[in-house]
Structure formats: structure tokens, C-alpha cells
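Chains as they are written, first to last, in the UniProt record's numbering: chain A, 1 to 226; chain B, 1 to 226. A virtual CB, placed ideally from N, CA and C, is assigned to each residue, including glycine.
Protein chains: 2
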Amino acid sequence: MLVWERPEPPDRPVPAPLSRDRIVRAAIELADVDGLDAVSLRKVAAALDVGPMRLYGYIATKEDLLDLMVDAVHAEIRPTGAGWREVLRSLAEATRQAAHQHEWLADLIGGRPQLGPNTLATSEAVLAAMDGVDLATVVPAVAAVNAYVVGAVRREITERRAERASGMDKEQWQATFGPYLRRTFATGRFPALSTLVHDGPHLDADQTFHAGLDFLLDGIAAHVPR
Amino acid sequence: MLVWERPEPPDRPVPAPLSRDRIVRAAIELADVDGLDAVSLRKVAAALDVGPMRLYGYIATKEDLLDLMVDAVHAEIRPTGAGWREVLRSLAEATRQAAHQHEWLADLIGGRPQLGPNTLATSEAVLAAMDGVDLATVVPAVAAVNAYVVGAVRREITERRAERASGMDKEQWQATFGPYLRRTFATGRFPALSTLVHDGPHLDADQTFHAGLDFLLDGIAAHVPR
DNA sequence: TATCTGTCGATACACCGTATCAGGCTGGAC
DNA sequence: GTCCAGCCTGATACGGTGTATCGACAGATA
């Protein structure tokens, strides 16, 4: 299991000051550019001009590195504004924005226990900004917003990737899925879905995210004693 | 040559014919027992007494197999009850229950576009059961519930795994995290978190899940014309 | 200078997903 | 009955992965 405190920096005669932070930053850059699959210990080490095993002086395991990446991103996720509703909304917005800048976050978020300093600091800031509301409501409310954001961000990034793939490779995508979907709908087994696809409202990602968030915040509001 | 002897019994080791379904079922069983990491094409093939390359006659890629696993689980996710609220609640409940039976679902859910027949059938059933509510509300409402469920299930399974790990390895877990957390809180940088841990309500997984779901459904209710 | 000691990273191992392709088996043509 | 074409199969191989091991080397000590 990951110990979140950085180990003693090895005070070598410093040809190149390797550090946990530099490793994490290199990994994040790799992931931003080429996706999470491109993050291998070998590639991270190569980006730092170092042998792969060198990393194990700073990181116990690859999963640790992934946890550190997530925690590093949380440094930029802070609630703003006043009042519980604005705090929760800004938390959701900031998390979403972080996922836009680091799409790989969608793959990791919510998938591991997060006890890193930045993640804890985010929670601390949220809780501190919500004083005035009783804990019995705050705790499930924050949990619900976090859960919603995790799911919404995953869906959004997943869709974005699919769109990008279909954009870059449109005729192949259509050749693959078009006939399948056409046939599937032609079976008549999905009438409601069919009418939805043809007549339903087509919300963009922003609208969908905010509509769901508003639902949730409205629901919470009904339980916050005023 | 002993012509009169019985020939080899024809139905000796006649294995069931390989099929996509058998492959997916074998993969699900592996994942249920040993986790998603244990699902490798080699192991799935071995479980079916077959060479690894044989699988490529039925699936194009390992990601396909994972998609098929998710879709297979969706066969058991169906909404029940009448009225949009009961439909959405039962959808959430069924998804959560599926994740309890197949913990690996938490790792995959929401992470890939889902166009499989069972997934489509789930959506179809939900939409069909919600007629009477206008599409402009139904679409974001279903999206929001799905997002919430994805995030909530991820958090719940993540927590369950951490608990299990700490239960099986308690002294090691405490030796690793106890001092770190104690020191971290001792810094005084997380006063709100500290008081929360000490004084806050400790909801169990059921309560947390339902509290958040109720928030969301209440919020949707405020937007459903009655 | 000679010895000890601890760190570092080259090498190795087991495993992964999957491309390739030789070989065997089957079905059909004569 | 014989032969051949073609397909299917699965052994082999390739380039990758995370990480355990341990020999070599550097710095400290005597």
C-alpha cells in the first residue's frame, strides 16, 4: 500500500535531481498526450532519462504512481463561492474541468481509495466551506455530488472519445456500427429507443451535465434546513 | 486388429462446442472469482480447454470481451414497478445489485460506449416504462440516475475492497496507514475532516446509496410536471 | 590503501495481447 | 480410391508489461 509521504530524498551528488514529483509530472504528461495506456514505468523512466528500476526508489508499485497522478490533479480541484449550493456546484465544475484537461482521470476517478494530501485538502476545503449545514446532511450530500460527478465525467469522456474516434475514422465507424444499429433498430425490439433517437431532445454535454447536477442540488436543497 | 471390440465411445470427451457465450461466461466466472486482472485471454482459453488463439474466432480483441461481459450482466438489469420514480429507483437498485454480484463491473461501468443488445434492452425497458413523462425531462433524468449509479457503485465497491484488504491484513494496513493518517491529522491542516471523522455520522453503504438516490429523485420530481 | 557496506540499475522472469503461418484435417473432384 | 485444395487450428514468436534479483560499483571506514 502506498505511503503518501515522500521518502527522504536521496542526497546524491545530484547529476539530475530525480524526485517523486518529477516522476508523477512525467507520467501525467505522458497520459495527457498519449492516454493512460501509454503510461508504463519504462516509458516514464525513459522520459526522465533513467533506468526503469530507478523509479522504485520513489514508488513502490505502478498503482502507487496512478494514485499519485490522481492526487496531483486534485491540487487544482478546489471549491469556490459561498453557500453550500455554490460550493457543491463549483466542486462538481472543477472536477469536470480537471477531467477535460486530463482525460485519463475519467479512467481512474472513483476507482481507488483516495487518501493523498491534495485529495484530503479538497475534501477539507469543501467541508470547511459548508459550515452552517448540519453534518448529517453534509456527508451524504457531498457523497452524492461526488458520485454523480464521477459517473457524469466518465460518460462524458467516454462519449468524447467515441466521437473523436468516429471523427477521425468516420467511414470505418459507420461501416462497423451503422449496419449493426440499423439492423438492431429494424428488429422493432426497441421502439422507445427508436423514437427517442429520432424525436428526442439532443442535449450537448454541457446541458446534460448541468441538468443532472441541478436535479441533484435541488433534491439536496429540499433536505437542507434553512 | 480387434475389429469386434467396441470403438471408442463416441461421446467421450466431446466438449460443448465453443461459442461466444461460453467464452463470455468463462470470463465472467474468472472475474467473479479472481478479479478483473485475472481475466486474460490465455486463462479464459485454458478454462475452456482451448488454445488462446482459438478465441479470436469469436472475439476481435480483449476489449470486445470486456464489452461483452458488461453487456451480459445487463441481461439481469431490468426496471420494475410503475411510475417514473419507481422505475428509476429500481434501475439504480438493479445496477447496484449486479455490481455486488460482479464486483469487476465497478471497474468497467461507464467506461465504454455500451451498444450491446442487453444494454439496449435495459434502456428500452426504462424508456418504455416511463411513458407519460415528456422526453425533455426523461432524457436528462435517466442520464443523471445512470451517472449517479456509476459513481456510487464505484465508490461502494472501492470501499468494500479496501475493507476486505484491511480485514485480511489488518495489522499491516494499520501499520501502513494508521501512522500516516494520525500524523496527517496531527498537522492540524484538516480540522473539518478531523471533526467529521470523530463526530460525524457514520452511514453504512446502504444508507449512503439510498440517501443520494433520494436526493436525486426528489430533485427530478421537482421538474416532472404532474 | 584495503576492506566493508550499501545502493543502483542491467538483466532476467513470467506474463500479457495478438500476428504469423506451418501443418493437419476435411470435403470435394475425378 | 485417390488426390488435392482450402480452411481451420493452435504452436510459435514478437514486442511489450511490471517487478525480483543480484552483481558491480561507489563511498565510507579503518
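Residue i, enclosing alpha helix (DSSP H) - first and last residue
i	result
A/F215	A205 to A221
B/D21	R20 to D34
B/Y58	From DSSP, B/Y58 is part of no alpha helix (DSSP H); its letter is neither H nor E.
A/M168	L135 to M168
A/T119	P117 to A129
B/A92	W84 to Q101
B/V50	Counting along the chain, B/V50 falls outside any alpha helix (DSSP H), and DSSP gives it neither H nor E.
B/P113	Here B/P113 belongs to no alpha helix (DSSP H), and DSSP marks it neither H nor E.
A/V197	P191 to D199
B/D107	L105 to L108
Integer-rounded CB distance, given that residue j should sit under 8 Å from residue i
i	j	result
A/E103	A/I157	5 Å
residue 279 of chain B	B/L216	No answer is possible for residue 279 of chain B: it lies beyond the span of chain B, which begins at 1 and ends at 226.
B/P79	B/A98	Contact flag wrong, Cβ pair sits at about 13 Å.
A/V87	A/V126	6 Å
B/A147	A/Y148	5 Å
A/L105	A/V70	7 Å
B/A162	A/P179	Incorrect: roughly 45 Å between the Cβ atoms, too far for contact.
Cutoff 8 Å; reference residue i; Cβ partners in own chain excluding five residues on either side
i	result
B/Y58	L18, S19, R20 and I23
B/L30	A38, V39, K43, V44 and A47
B/D206	none
A/V138	W84, L127 and M130
A/L203	A211
Residues near residue i by beta carbon distance below 6 Å, same chain, minus five either side
i	result
B/R85	L217
A/A26	V44, A47 and L48
A/I220	A141
A/F209	A152
A/I77	A94, T95, A98 and T122
B/G116	D71
A/D199	none
A/F177	none
Three-way DSSP call (helix, strand, coil) for residue i in this model
i	result
A/A75	coil
B/T184	helix
A/G178	helix
A/V224	coil
B/V44	helix
B/V39	coil
Status (buried if at least 16 other CB within 10 Å, exposed otherwise) for residue i
i	result
B/R42	exposed
A/P52	exposed
B/T61	exposed
B/G110	buried
A/S123	buried
A/M168	exposed
A/H74	buried
B/D67	buried
B/R189	exposed
A/Y56	exposed
B/R129	Checking the displayed sequence, the identity of residue 129 of chain B turns out to be Ala instead of Arg. Counting Cβ neighbours within 10 Å, B/A129 comes out buried, since at least 16 surround it.
A/R12	Bear in mind that a pLDDT of 40 at A/R12, under 50, signals an unreliable position, so the model cannot answer this.
A/D134	exposed
A/A192	buried
A/D64	buried
A/A222	exposed
A/A211	buried
B/R154	buried
Contacting residues, own chain, Cβ-Cβ under 7 Å from residue i (five flanking each side not counted)
i	result
B/R89	L213 and L217
B/D107	L36
A/A72	V24, I28 and N118
A/V224	W84, V133 and T137
residue 249 of chain B	In the structure as shown, chain B begins at 1 and stops at 226. Residue 249 of chain B is therefore absent and cannot be evaluated.
Near the ligand ATP: residue i beta-carbon under 7 Å from a heavy atom
i	result
B/P117	Of the ligands one can find in the structure shown there are none, so the ligand ATP has no counterpart to examine.
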